[in-house]
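Have a look at the structure below before the remarks.
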Amino acid sequence: MVQSFALADSPSLGDLKVFLSRAARLDSGSVRLIGGSGVLAIYVPVLHPKGLLDAAPTVLGLRTFALATGGEFDLVVSCRAMLDRIAMLSVTVNSDSGPVDIAPPPTETSAAWMGISPPRGGWTAAGSIDVDVLEQVAREGIAEVAAAIPTGTGEQLVHKVRSEVWGRGIPDIEPRVPAGVAFAATSLGFLKTNTPAQVFVAGNWTRVSTRGGHILSR
12 MVQSFALADS
22 PSLGDLKVFL
32 SRAARLDSGS
42 VRLIGGSGVL
52 AIYVPVLHPK
62 GLLDAAPTVL
72 GLRTFALATG
82 GEFDLVVSCR
92 AMLDRIAMLS
102 VTVNSDSGPV
112 DIAPPPTETS
122 AAWMGISPPR
132 GGWTAAGSID
142 VDVLEQVARE
152 GIAEVAAAIP
162 TGTGEQLVHK
172 VRSEVWGRGI
182 PDIEPRVPAG
192 VAFAATSLGF
202 LKTNTPAQVF
212 VAGNWTRVST
222 RGGHILSR
C-alpha cells in the first residue's frame, strides 16, 4: 500500500475537502483513489446495484487532482476517514506551503461497487446537455423521491424508489443518460457553469463532463 501521496498545493486540499464532503452526503461509505502519471483520480459512488438482480444504474462521480508525488496506486478507503485526515492537515497547512502530503487511511475491501471499473480511455464525443436541463431533472427527481418515501420507510423500499426514479433516461437525450447523472452532477457541485455538459461514450459506459468534474454511468 502507498504510504502517502502529495497534492500539488493547499488550494487542491481545499477542493478535495469540498468534493468529499459533498460525496459523503450522498454515500457515507468508500471512495476509490487511483494515482499515476502525476494525476489523482477520485471516484465516489452515487448509485449502484445492491445485488446481481438489482436493476439500479451505476452512477459514479469523478474528480481529478494534480499530484506532486505518490507513484502509482489504486486504493478504496473510507470517505469519512479521508475527511478526518484532511481536517487534521487543514489546521497545519498554510496557503503557500507548496505540495501537501496525505497519508491515506487503511484500505477497505467490502465496498459493493469497488469492482466496477469505468474505462480510463477510448471515449468518443456524443453531444452535449444544457446544465439547465440537468438541474431541472435533478429537482424533479428529488421531489418525486421525497413524495414517494414516507418517514420511517425501510432501506429496501427507499433503494427501490431511488432506482426507479434515477434509472430513467433523461427525455430527448441520445445516447441514453440516466436521470441519476443529473442528480449526481447537481449534488457534487459540477453544474456551476454556463457551458453545456459534454457527453462521451465508451462501450456501455456514458460520461457527462463539465469543468467541475465528471459523472460516469452504465
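Residue 12 is where the sequence shown starts when you use the working numbering, and the numbers rise one by one after that. Just so you know, even glycine gets a beta-carbon here, dropped at the ideal spot from N, CA and C.
Among all the DSSP beta bridges, which residues are the ones paired with residue i?
i, result
"S89", "S41"
"I127", "Beta-bridge pairing links I127 to no other residue."
"I113", "F16"
"T135", "V212"
"A244", "Nothing about residue 244 can be read from this structure; the chain reaches only from 12 to 229."
"P189", "G180"
"R150", "Per DSSP, none; premise fails for R150."
"V219", "V210, I226"
"L58", "V70"
"F84", "G46"
Roughly how many whole angstroms lie between the Cα atoms of residue i and residue j?
i, j, result
"V142", "G62", "32 angstroms"
"E146", "T75", "23 angstroms"
"C90", "S121", "14 angstroms"
"V176", "E155", "8 angstroms"
"P22", "R131", "26 angstroms"
"L78", "P117", "20 angstroms"
"S101", "V29", "12 angstroms"
"S220", "L168", "31 angstroms"
"G165", "V144", "31 angstroms"
"E151", "A92", "33 angstroms"
"L94", "A158", "32 angstroms"
For residue i, which residues of its own chain have a beta-carbon under 6 angstroms away from its beta-carbon, when the five flanking residues on both sides are left out?
i, result
"A149", "A193, F194, T197"
"R43", "Y54, V87"
"V13", "F84"
"V212", "T135, A137, P186"
"S228", "P68, V70, P189, V192, T217"
"H225", "L73, R218"
"I181", "V148, V188, A190"
"Q209", "S139, S220"
Which residue from the options puts its Cα closest to that of residue i?
i, options, result
"G40", "V111, A123, D65, P115", "A123"
"V104", "R218, I127, I184, G25", "G25"
"R96", "S108, G82, I127, I113", "I113"
"I153", "L227, A52, I184, S174", "S174"
"S128", "A92, H59, K171", "H59"
"S15", "K171, I45, P115", "P115"
"L27", "A98, N205, A159, A158", "A98"
"L37", "H170, I140, G49, S139", "H170"
"A66", "V210, Q209, L202, R179", "R179"
Throw me the rounded Cβ distance for the residue i and residue j pair, which I believe falls under 8 angstroms.
i, j, result
"R33", "G200", "6 angstroms"
"D20", "P110", "7 angstroms"
Spatial neighbours of residue i within its chain, please: C-beta separation below 7 angstroms, excluding the five flanking residues on both sides.
i, result
"G214", "P130"
"G133", "A213"
Within its chain, find whatever has a CB closer than 8 angstroms to the CB of residue i; leave out the 5 residues flanking it on each side and keep chain order.
i, result
"L51", "F16, L18, L44, I45, T75, F76, A77, L78, G81"
"P207", "S139, I140, D141, V142"
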